[in-house]
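J.:
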Amino acid sequence: MRSSIHSPLPQSQIIQCSNYEKNQKSKYRVLLVDDDEDLLYVNQVFIERYEGFQVDTVSSVKMALEKLKQYSHNVIISDYDMPELNGIDFYKIVRSEGHITPFIIYSSKSRKEISLCHQIPDSLICLQKQTNVSQGCKELVTLIRQIIS
Numbered sequence: 343m344r345s346s347i348h349s350p351l352p353q354s355q356i357i358q359c360s361n362y363e364k365n366q367k368s369k370y371r372v373l374l375v376d377d378d379e380d381l382l383y384v385n386q387v388f389i390e391r392y393e394g395f396q397v398d399t400v401s402s403v404k405m406a407l408e409k410l411k412q413y414s415h416n417v418i419i420s421d422y423d424m425p426e427l428n429g430i431d432f433y434k435i436v437r438s439e440g441h442i443t444p445f446i447i448y449s450s451k452s453r454k455e456i457s458l459c460h461q462i463p464d465s466l467i468c469l470q471k472q473t474n475v476s477q478g479c480k481e482l483v484t485l486i487r488q489i490i491s
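So the sequence shown is residues 343 to 491, counted in our numbering.
1. Which ranges does the alpha helix (DSSP H) cover as unbroken runs of at least 4 residues, wholly within the region 404 to 441, from first to last along the chain?
2. Please say whether Val397 and Lys409 have beta carbons closer to each other than 8 Å?
3. May I have the straight-line CA-CA distance separating Leu374 from Leu382, to the nearest angstrom?
4. Where does Cys459 land, buried or exposed, given buried means 16+ other C-beta within 10 angstroms?
5. If you check the beta carbons only, do Val417 and Thr443 fall under 8 Å apart?
6. Under 8 Å between the Cβ atoms of Glu497 and Val403?
7. Nearest to Ala406 by alpha carbon, out of Tyr392, Val384, Phe445?
8. Would you call Ser449 buried or exposed, if buried means 16 or more other Cβ atoms sit within 10 Å of its Cβ?
9. Report the CB separation of Ile447 from Ile456 in whole angstroms; it is logged as a contact under 8 Å.
Here it is as structure tokens:
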């Protein structure tokens, strides 16, 4: 038994919608770095589905540096607390390699808490993660939109 999907749109418009979606996804590219793979996945899905951005996800600074060699990104978002290197160290490496991509530290720690351990440049954006993951995703997406517009 064969099933079919009924759509009120003609086939030509469905294809156009599909192509539009692909074009939208490739318009902006975000690099998301977090060692918490569950949170990484949730943020990726939220940003891709609701904003149409293409999101590259990695769980370490080392992998992020490799991604930066492969692709150009419109925004880099990194957790602060990670094994090996923290988000501030990652930011410094990125800047020392000549990247000027907007950079967001997205952490459970506040900017003030992070500044107790590191001197944070004014140009570095810090956003504190929320206990309500959905609210945190919305705040992150709002910030990304502000940066790229």
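The C-beta atom is built at its ideal place from N, Cα and C for all residues, glycine as well.
T.: With the structure as the only source:
1. 429 to 438
2. no
3. 7 Å
4. exposed
5. yes
6. Given a span of 343 to 491 for the chain in the structure shown, any question on residue 497 remains unanswerable.
7. Phe445
8. buried
9. 7 Å
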